[in-house]
Amino acid sequence: SNSNSNSNECESESVDDVDTNMSTNIQDNTTLSKPQFCHDLPPEPDAGNGNENVIDIQIRGGGGKSARRRFESASTIHDLFNFAMNEDLSDGLGLGAFHLVTRFPRRVLNDVDKGRQLKDLNLGKQEMFLVEK
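Note that full-length UniProt numbering has the sequence shown beginning at 1, numbered continuously upward.
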């Protein structure tokens, strides 16, 4: 009863890669070790043009795994949690079972904050979050 059989709804690759990979991935997606989560994410913004509203986010999970992606500053904390789960950085934990933490200064984001926008957090142009249980 897996309702997520339509794998092309999940864009964990950047948009540029999706077109080229689409035809090869669709037929045989059972062998791909894709994360089990497929949460919606907003489109990844372009890096260019010195866009003030783009934040480069890196999230580091357990075992040294990490992933990086650009987000609009209007994106929400919920989008960061979805990204962490899509990239399998949360060790299979769902929303509410883990926090995202910055080190300097230490900030703890949890699912209670999920509706807040990134621009409300006074983040820099690049931020690293750690997954904590």
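Ideal Cβ placement from N, Cα and C applies to all residues, glycine included.
Predicted model only: the values in this text are computed from it and were never measured.
Of the residues P42, I57, G61, which one's Cα is nearest the Cα of L93? Looking up residue 93 in the sequence shown gives position 93. If we check each option's Cα against that of L93, G61 comes out closest.
At which residues does the beta strand (DSSP E) containing L109 begin and terminate? As a working mapping, residue 109 is identified with position 109 in the sequence shown. Looking at the DSSP string, the run of the beta strand (DSSP E) that includes L109 is 107-109.
Using the three-state DSSP reduction, which class does A47 fall into: helix, strand or coil? Counted from its first residue, the sequence shown places residue 47 at position 47. Coil at A47, not helix or strand.
Inspect the beta-carbon positions of D46 and K125 and report whether they are closer than 8 Å. Taking the sequence shown and counting its residues from 1, one reaches residue 46 at position 46. Taking the sequence shown and counting its residues from 1, one reaches residue 125 at position 125. Result no, Cβ atoms of D46 and K125 do not sit closer than 8 Å.
From the DSSP output, in three-state form, read off A84 for me. As a working mapping, residue 84 is identified with position 84 in the sequence shown. Helix, per DSSP.
Cα separation between D40 and G96? On the sequence shown, position 40 is the one that residue 40 refers to. On the sequence shown, position 96 is the one that residue 96 refers to. Each residue's alpha carbon lies about 17 Å from the other.
N- and C-terminal bounds of the beta strand (DSSP E) containing R70: Reading the sequence shown from its first residue, position 70 is the one you call residue 70. Segment 66-72, the beta strand (DSSP E) holding R70.
Per the DSSP calculation, R60 is bridged to which residue(s)? Reading the sequence shown from its first residue, position 60 is the one you call residue 60. DSSP output for R60 lists S66, L130 as bridge partner(s).
Rounded Cβ spacing between L100 and F81 (contact assumed at less than 8 Å): Taking the first residue of the sequence shown as position 1, residue 100 is located at position 100. Taking the first residue of the sequence shown as position 1, residue 81 is located at position 81. About 7 Å; that satisfies the 8 Å criterion.
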